[in-house]
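Read left to right, the sequence shown gives residues 241 to 490 (the numbering used here).
Ideal placement from N, C-alpha and C gives every residue a C-beta, glycine not left out.
Computed from a predicted model, the values in this text were never measured in an experiment.
To start, the structure under review is shown below, and the notes come after it.
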Amino acid sequence: MKKKVLITGASAGFGKAIAEKFASSGDDIIITGRRKHLLDELKDKLISLYNVSVTVLEFDIQDRKSVFQSLENNPILEDLDILINNAGLALGRDLFDEADIDDWETMIDTNVKGVLYVTKAILSNFIKRQAGHIINIGSTAGKEVYERGNVYCATKTSIEVLSQAMRIDLLKHKIKVTVIHPGAADTEFSLVRFKGDETKAQAVYEGYTPLNGQDIADTVFYCANLPKHVCINSLVMTCTAQANSFYLLK
Ligand code: NDP
Ligand code: 8X3
Numbered sequence: 241m242k243k244k245v246l247i248t249g250a251s252a253g254f255g256k257a258i259a260e261k262f263a264s265s266g267d268d269i270i271i272t273g274r275r276k277h278l279l280d281e282l283k284d285k286l287i288s289l290y291n292v293s294v295t296v297l298e299f300d301i302q303d304r305k306s307v308f309q310s311l312e313n314n315p316i317l318e319d320l321d322i323l324i325n326n327a328g329l330a331l332g333r334d335l336f337d338e339a340d341i342d343d344w345e346t347m348i349d350t351n352v353k354g355v356l357y358v359t360k361a362i363l364s365n366f367i368k369r370q371a372g373h374i375i376n377i378g379s380t381a382g383k384e385v386y387e388r389g390n391v392y393c394a395t396k397t398s399i400e401v402l403s404q405a406m407r408i409d410l411l412k413h414k415i416k417v418t419v420i421h422p423g424a425a426d427t428e429f430s431l432v433r434f435k436g437d438e439t440k441a442q443a444v445y446e447g448y449t450p451l452n453g454q455d456i457a458d459t460v461f462y463c464a465n466l467p468k469h470v471c472i473n474s475l476v477m478t479c480t481a482q483a484n485s486f487y488l489l490k
């Protein structure tokens with residue numbers, strides 16, 4: 241059956257691949273991010289390829305007011321089936337004592353507060369219908385803390401914890417909550433983390449075959465299309481060359 245799916249951070253990486261996956265199966269999608277021109281390009285492509293409904297919402301998930309203005313009481317979300325909390329980032333890979341506090345704040349504001357704002361802003365639609373599925377994108381960084389990962393690891397650990405909390409508190413409303421924790425995946429992630437340094441970003445993915453956006457999209461789609469009585473709670477996925485945050489065969 242056709243679904244309506246809201247995907248945050250769909251201008252690149254996992255979110256873009258997830259949008260393509262749901263649209264290709266005939267679902268209607270709402271795609272969000274800050275880079276509107278990329279979202280508009282994706283919208284045109286998906287409409288012409290799959291003839292589905294695609295709505296673009298441009299906002300910064302760090303900005304509480306913008307999030308609520310865009311999502312709360314938005315009629316397009318009244319019959320929303322799935323929220324995919326994907327937008328997020330790492331900034332810097334520095335020792336705790338050397339890291340930039342502004343980077344820390346941006347990661348906390350985006351990866352933790354942004355996810356809380358978006359979820360809270362759409363939640364009444366799920367509660368009204370006593371149905372819905374929240375799929376949060378965590379990370380292996382939330383499973384094992386690695387050197388120079390400090391605050392990024394903390395934000396992704398929060399996603400595991402908040403997913404558990406949402407699952408418990410929203411149980412009475414019959415809302416499914418899934419968290420997916422991917423390992424290293426080749427997207428714009430490292431370019432953002434290393435602030436545009438392409439050499440450093442590319443080095444992260446050299447010498448092995450990392451995950452890609454399509455791998456995550458296929459997994460999200462699988463979790464989203466299980467029978468009504470089945471919910472995958474938490475799932476860790478890595479490329480075959482990676483065992484966890486510490487062990488990577490290059
Ligand atoms: P990308 O950098 O390729 O994409 C990130 C997306 O998030 C973009 O669409 C970006 O849109 C959006 N985004 C970032 N900040 C904001 C913001 N303040 N407001 C709105 N949108 C924002 O990274 P990935 O696709 O790899 O990352 C997606 C998620 O997966 C993140 O949560 C990341 O932490 C997680 N992850 C990534 C892994 C990897 O190795 N790549 C592994 C495990 C987890 P725009 O810039 O247009 O706003
Ligand atoms: C991204 C994966 O290993 O860079 O969440 O933290 S890692």
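Suppose you measure from the CA of residue i to the CA of residue j; what does that come to, to the nearest Å?
| i | j | result |
| --- | --- | --- |
| residue 242 | residue 298 | 24 Å |
| residue 248 | residue 390 | 24 Å |
| residue 318 | residue 366 | 8 Å |
| residue 429 | residue 253 | 8 Å |
| residue 436 | residue 418 | 32 Å |
| residue 468 | residue 406 | 18 Å |
| residue 328 | residue 291 | 29 Å |
| residue 379 | residue 396 | 6 Å |
| residue 311 | residue 490 | 43 Å |
| residue 303 | residue 349 | 8 Å |
For residue i, tell me which candidate among the options has the shortest Cα-Cα distance.
| i | options | result |
| --- | --- | --- |
| residue 315 | 444, 377, 399 and 362 | 362 |
| residue 442 | 424, 473 and 295 | 424 |
| residue 375 | 486, 421, 447 and 310 | 421 |
| residue 413 | 453, 372, 399 and 446 | 372 |
| residue 246 | 359, 489 and 418 | 359 |
| residue 256 | 354, 265, 278 and 266 | 278 |
| residue 448 | 304, 431 and 426 | 426 |
| residue 475 | 434, 411, 404 and 446 | 404 |
| residue 286 | 270, 305 and 386 | 270 |
| residue 274 | 307, 440, 382 and 439 | 307 |
| residue 272 | 324, 381 and 263 | 324 |
| residue 265 | 289, 283 and 284 | 289 |
Determine the extent of the alpha helix (DSSP H) in which residue i is found, giving its start and end residues.
| i | result |
| --- | --- |
| residue 409 | 390-409 |
| residue 287 | 276-290 |
| residue 258 | 253-264 |
| residue 307 | 304-311 |
Does the beta carbon of residue i come closer than 8 Å to any beta carbon on chain D?
| i | result |
| --- | --- |
| residue 420 | Considering every chain present, this structure includes no chain D. It has just one protein chain. |
Just curious, the beta strand (DSSP E) that residue i is in, first and last residue?
| i | result |
| --- | --- |
| residue 352 | No beta strand (DSSP E) contains residue 352, which DSSP labels as neither H nor E. |
| residue 338 | No beta strand (DSSP E) contains residue 338, which DSSP labels as neither H nor E. |
| residue 242 | Per DSSP, residue 242 belongs to no beta strand (DSSP E) and is neither H nor E. |
| residue 326 | Careful: residue 326 lies outside any beta strand (DSSP E) and carries neither H nor E. |
| residue 498 | With the chain covering 241 to 490 only, the question about residue 498 has no answer from this structure. |
| residue 295 | 294-298 |
| residue 377 | 373-377 |
message: Quick check for students: name the residue ranges of the alpha helix (DSSP H) that lie wholly in the region 405-473, counting only runs of 4 or more.
response: DSSP runs (the alpha helix (DSSP H)) wholly in the region 405-473: 429-433, 438-443 and 453-464.
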